Structure formats: structure tokens, C-alpha cells
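As C-alpha cells, the structure follows; a few thoughts come after it.
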Amino acid sequence: MYKFKGKEYPCCASLTMGVIGGKWKTVILFHLRDKTLRYNELRKEMPTVTERTLSLQLKTLEEDGIIKRKVYTSKPPLKVEYSLTDFGKTLIPVIQSIADWGVSVVEEHGDLVT
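Mapped onto the UniProt record's numbering, the consecutive letters of the sequence shown carry residue numbers 1 to 114.
Now the structure itself:
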């Protein structure tokens, strides 16, 4: 049994999927893997996600210590940026492997639509 952030998981794969699983978390992490983005920049990268879903997923990733949210209040309008924490950066190889697998599937069995 594995325990993380007060939740118990039956195996390490279950823990990993509990942290980064779901339709959007991995996509968010993919876009943050090498840069800091504002909320609207993330929305542009993921045009089919709803604002509510994106906000909830960002909040969950922040609570799990995977991403950090920095708010700039020095001058209006309010500016909020998201980036990976050091802990979140440990997921970059995993996220990149998932992305590479997706590319290979498209190359072998699908079509790339641009």
C-alpha cells in the first residue's frame, strides 16, 4: 500500500495515475514542461478544455505540489503564472515518454492533422 497526500493507493502505478491521471492533467504538464504560462496561454494550447475543468485541474496539481501558481499584484491587471515545481519537474521524462508514444502511434497507425 502506498500513501501520498493523505490518500492510499494499492500500487505505485495507481499512485502515479492518481496524481497525473485524467483527461487534462498530463496535457497541462506537457505544456508546462519547459516554460511558465499564464492561464490564458494554457487555454490557447488546449482549446477544447472548459475554463472550469482547467481551473479545477490546475488547483489539484497545485495542491499535490506538482505545479506552482505565482500571482503578480504590483499593477493591474492581475497576472497569474503557472510552472512546474522541482517535484513536478521529476515528471518531465514520464510526460515526454507519453508524448513520444503518441507520436509513434500516429506515425504507425494514424494521421497527423494540423
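Here a beta-carbon is modelled for each residue, glycine too, at the ideal position from N, C-alpha and C. It should be emphasised that the depicted structure is a prediction, and the values quoted were computed from it without experimental measurement.
Inset, instruction - Would you please verify whether the beta carbon of Thr48 is less than 8 Å from any beta carbon of chain D? - result: Given the protein chain composition of this structure (a single chain), no chain D is represented.
Inset, instruction - In the DSSP assignment, find the alpha helix (DSSP H) that holds Ile20 and state where it starts and stops. - result: Taking the first residue of the sequence shown as 1, we reach residue 20 at position 20. Cys12 to Ile20 is the extent of the alpha helix (DSSP H) around Ile20.
Inset, instruction - Evaluate contact between the region 72 to 83 and the region 28 to 42, counting only Cβ atoms and requiring at least three cross-stretch pairs below 8 Å. - result: yes
Inset, instruction - Following the continuous alpha helix (DSSP H) through Leu56, name the residue where it begins and the one where it ends. - result: As a working mapping, residue 56 is identified with position 56 in the sequence shown. Glu51 to Glu63 is the span of the alpha helix (DSSP H), which, as asked, contains Leu56.
Inset, instruction - Spell out a yes or no on whether the region 23 to 38 and the region 92 to 99 are touching, meaning 3 or more CB-CB pairs, one atom from each, closer than 8 Å. - result: yes
Inset, instruction - Indicate whether Lys5 and Asp86 have their beta-carbon atoms separated by less than 8 Å. - result: Position 5 of the sequence shown, counting from 1, holds the residue named residue 5. Position 86 of the sequence shown, counting from 1, holds the residue named residue 86. Not closer than 8 Å, so no.
Inset, instruction - May I ask which residues mark the beginning and end of the alpha helix (DSSP H) holding Glu25? - result: Position 25 of the sequence shown holds residue 25. Here the sequence assigns Lys to residue 25, which means Glu is not the residue at that position. Where Lys25 is concerned, the enclosing alpha helix (DSSP H) stretches over Lys25 to Leu32.
Inset, instruction - Please list, in chain order, all residues of the same chain as Leu32 whose beta carbon is under 7 Å from its beta carbon, the five residues on each side excluded. - result: The residue labelled residue 32 in the question sits at position 32 within the sequence shown. Taken in chain order, the residues that qualify are Ile67, Tyr82, Ser83 and Leu84.
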